[in-house]
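Asks:
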Amino acid sequence: MPRPEAIVIGCSAGGLTALESLFADLSPALPQPIAVCCHTGSATVDLLCELLDKHATLPVEEARERAPLGGGVIHVAPSGYHLLVETSRRFSLSVDQRVSFARPSIDVLFDSAAEAYGEALIGVVLTGANSDGAEGLLRIKQCGGIAIVQDPADAEVPAMPAAALERAGADHCLPLAAIAPLLNRLCLP
Amino acid sequence: MNKLAGKSKPTDTSLEDIEIDLFVRALKLRHGYDFTQYAPASLKRRVLQLMHAQQTGTVSDLTTRVLHDDQFLTLVLEGLSVPVSEMFRDPDVFSALREQVFPVLASYPQINIWQAGCAHGQEVYSLAILLEEAGLYERTQIYATDFNEAALRHAQEGIYPAREAQLWSRNYLAAGGSHTLADYYSARYELIKLDQRLRRNVIFANHNLVTDEVFCEAHLVLCRNVLIYFSDPLQDRTLALFRDSLVRGGFLCLGTRESLDFAPSAADFVPVDAARRIYRLDTRAAGRE
Numbered sequence: 000m001p002r003p004e005a006i007v008i009g010c011s012a013g014g015l016t017a018l019e020s021l022f023a024d025l026s027p028a029l030p031q032p033i034a035v036c037c038h039t040g041s042a043t044v045d046l047l048c049e050l051l052d053k054h055a056t057l058p059v060e061e062a063r064e065r066a067p068l069g070g071g072v073i074h075v076a077p078s079g080y081h082l083l084v085e086t087s088r089r090f091s092l093s094v095d096q097r098v099s100f101a102r103p104s105i106d107v108l109f110d111s112a113a114e115a116y117g118e119a120l121i122g123v124v125l126t127g128a129n130s131d132g133a134e135g136l137l138r139i140k141q142c143g144g145i146a147i148v149q150d151p152a153d154a155e156v157p158a159m160p161a162a163a164l165e166r167a168g169a170d171h172c173l174p175l176a177a178i179a180p181l182l183n184r185l186c187l188p
Numbered sequence: 000m001n002k003l004a005g006k007s008k009p010t011d012t013s014l015e016d017i018e019i020d021l022f023v024r025a026l027k028l029r030h031g032y033d034f035t036q037y038a039p040a041s042l043k044r045r046v047l048q049l050m051h052a053q054q055t056g057t058v059s060d061l062t063t064r065v066l067h068d069d070q071f072l073t074l075v076l077e078g079l080s081v082p083v084s085e086m087f088r089d090p091d092v093f094s095a096l097r098e099q100v101f102p103v104l105a106s107y108p109q110i111n112i113w114q115a116g117c118a119h120g121q122e123v124y125s126l127a128i129l130l131e132e133a134g135l136y137e138r139t140q141i142y143a144t145d146f147n148e149a150a151l152r153h154a155q156e157g158i159y160p161a162r163e164a165q166l167w168s169r170n171y172l173a174a175g176g177s178h179t180l181a182d183y184y185s186a187r188y189e190l191i192k193l194d195q196r197l198r199r200n201v202i203f204a205n206h207n208l209v210t211d212e213v214f215c216e217a218h219l220v221l222c223r224n225v226l227i228y229f230s231d232p233l234q235d236r237t238l239a240l241f242r243d244s245l246v247r248g249g250f251l252c253l254g255t256r257e258s259l260d261f262a263p264s265a266a267d268f269v270p271v272d273a274a275r276r277i278y279r280l281d282t283r284a285a286g287r288e
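Protein sequence lines correspond, in order, to chains A and B.
Taking numbering that gives the first Met the number 0, the leading residue of the first sequence gets 0, the next gets one more, and so forth.
Taking numbering that gives the first Met the number 0, the leading residue of the second sequence gets 0, the next gets one more, and so forth.
1) Just to confirm before moving on: does the CB-CB distance between Asp-235/B and Phe-261/B stay below 9 Å?
2) Between the alpha carbons of Ser-130/A and Arg-187/B, how many angstroms are there, rounded?
3) If we ignore side chains and look at the alpha-carbon of each, how far apart do Leu-137/A and Ala-113/A end up?
4) Starting from the Cα of Asp-110/A, find the closest Cα among Gln-54/B, Ala-40/B, Asp-89/B and give me that residue.
5) Quick check on Tyr-228/B: buried or exposed, where buried means 16 or more other Cβ atoms within 10 Å of its Cβ?
6) Starting from Thr-192/A, find everything on chain B with Cβ-Cβ shorter than 7 Å and list it in chain order.
7) Give a yes or no on whether 9 Å exceeds the smallest Cβ distance from Ser-275/B to chain A.
8) List the residues of chain D that Tyr-80/A touches, going by C-beta distances under 7 Å, in chain order.
9) List the residues of chain B whose Cβ lies closer than 7 Å to the Cβ of Glu-114/A, in chain order.
10) Just the Cα atoms here: how many angstroms apart are Ala-4/B and Asp-272/B?
11) Three-state secondary structure (DSSP) at Ser-183/B?
12) Look up Gly-176/B in the DSSP assignment and say whether it is helix, strand or coil.
13) Note the first and the last residue of the continuous beta strand (DSSP E) segment covering Pro-160/B.
14) Taking Asp-95/A as the query, report the chain B residues whose CB atoms sit under 8 Å from its CB, ordered along the chain.
15) Give the interface partners of Glu-64/A over in chain B, defined as CB-CB distance under 8 Å, in chain order.
16) Are Cys-48/A and Glu-61/A close, meaning C-beta to C-beta below 9 Å?
17) Taking only beta-carbon positions, decide if Ser-130/A is within less than 9 Å of chain B.
18) With a CB to CB cut of under 8 Å and the five nearest residues on each side skipped, what residues in its chain are close to Gly-248/B?
19) Could you give the DSSP three-state label for Asp-145/B: helix, strand or coil?
20) Do you know offhand how far Ile-19/B's Cα is from Gly-116/B's?
21) With a cut-off of 8 Å, do at least 3 Cβ pairs link the region 23-43 of chain A to the region 66-84 of chain A?
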């Protein structure tokens, strides 16, 4: 199996706290780009980046249209837009209809990233209140990537990881505290 | 030894990509609509959505209908343009237009504004209201263009679901509107209809940014969240088209998340309000007299 070349993460309700703790435990030496889709309700992406950056071991920034995914950078989807990864491994944005009532939608990010990275992709579904991300995680698995799902029993809101488990299944189903160590192990050279 | 062993079958993904490529080429060859320079990830999503909506088993089935069923084109264009917007989306952009751009526009005896990619027209009406309240509308001509005829008809009618009105009213006030949005529409059943007087200085016209050329002389071009669907070369070509349409010192307003980092033509524009993506044609660039 090739070493993963990118990580995509999706979450909604309870996501901010979960991401803060996950990002605090990631190795600052991770060479892969990370793209995050977090439904934030009213919070702007600026605020989200600022909050996450306080805890993260890696730099956090808003994903910029047309920019290449940056190694060792956490890219956050801007509010109000779908975030996609082109096969050129650059970001693009869309204002197409909401998917699963969400824009940005986790499914949209995961689907496009799966096509761009194939088996060299890790998808992570964390706490959340709806089923966004389940289809996308299935796509990641179908393309040969690795699926990680937070154990619903451990999640602040279990619906999203439970839906992902049911639709896609997981290569690893773990409590939040065990996910960063696993990512470090899978991703560090 | 079996020579085929170890030779992997193409995955579904790559087969889909071949089918989409053929679909896009069929659309171009048969009907002249060119999506070959659209950003691939979103285009693929839209084609697959169209496939699901039409309940055809494969993208190739869509291609067959594109080639043999002329009625199908309307549905395809609707599916591939998916015009989603709201009135006064990003209210601070509209305040910035009023505060930073309108005072300059006010110095012209006749103001021409090109709204490129107007979709269902929410921004056309927003702009007309903004101009009306600034006392500039009487001497303004708005050209609202789109490549999708059905969208243009929708824009002309100005009828939208009433459930949108609440958000749009909030946006309008946040943009600094001086009345209430309800002054500009009538509500009936589940729908609202924008005051058709707002249309009096709007020309709705079919124009395709991919294939069509300059058609007017504009003091302001608004084109928000359209270029995000274009590849780098097409984005660049379109910016050059805007440059060639603008008067000297004319303004350009793009979507707030759009990036000009990969477009050489962006060098002809200087930011007026970078965060809100409002630019002005550089005085050194050749504007129209």
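A virtual CB, placed ideally from N, CA and C, is assigned to each residue, including glycine.
Computed from a predicted model, the values in this text were never measured in an experiment.
Replies: This is what the structure gives:
1) yes
2) 35 Å
3) 10 Å
4) Ala-40/B
5) buried
6) Look at the range of chain A in this structure, 0 to 188, and you will see that residue 192/A is not part of it.
7) This sequence places Arg at residue 275/B; Ser is not what is there. No, no contact with chain A.
8) Among the protein chains in the structure shown, which are A and B, there is no chain D.
9) Thr-12
10) With a pLDDT of only 36 at Ala-4/B, under the threshold of 50, the placement of this residue in the model should not be trusted; the figure read from the coordinates follows. If I take the Cα positions, the gap works out to 60 Å.
11) The residue you asked about is not Ser; residue 183/B is Tyr in the sequence shown. Of the three classes helix, strand and coil, the one that applies to Tyr-183/B here is helix, per DSSP.
12) coil
13) 158-160
14) Ser-41, Arg-44, Arg-45, Val-81, Val-83
15) Ile-227, Arg-256, Glu-257, Ser-258
16) yes
17) no
18) Val-103, Arg-279, Leu-280, Thr-282, Gly-286
19) strand
20) 24 Å
21) yes
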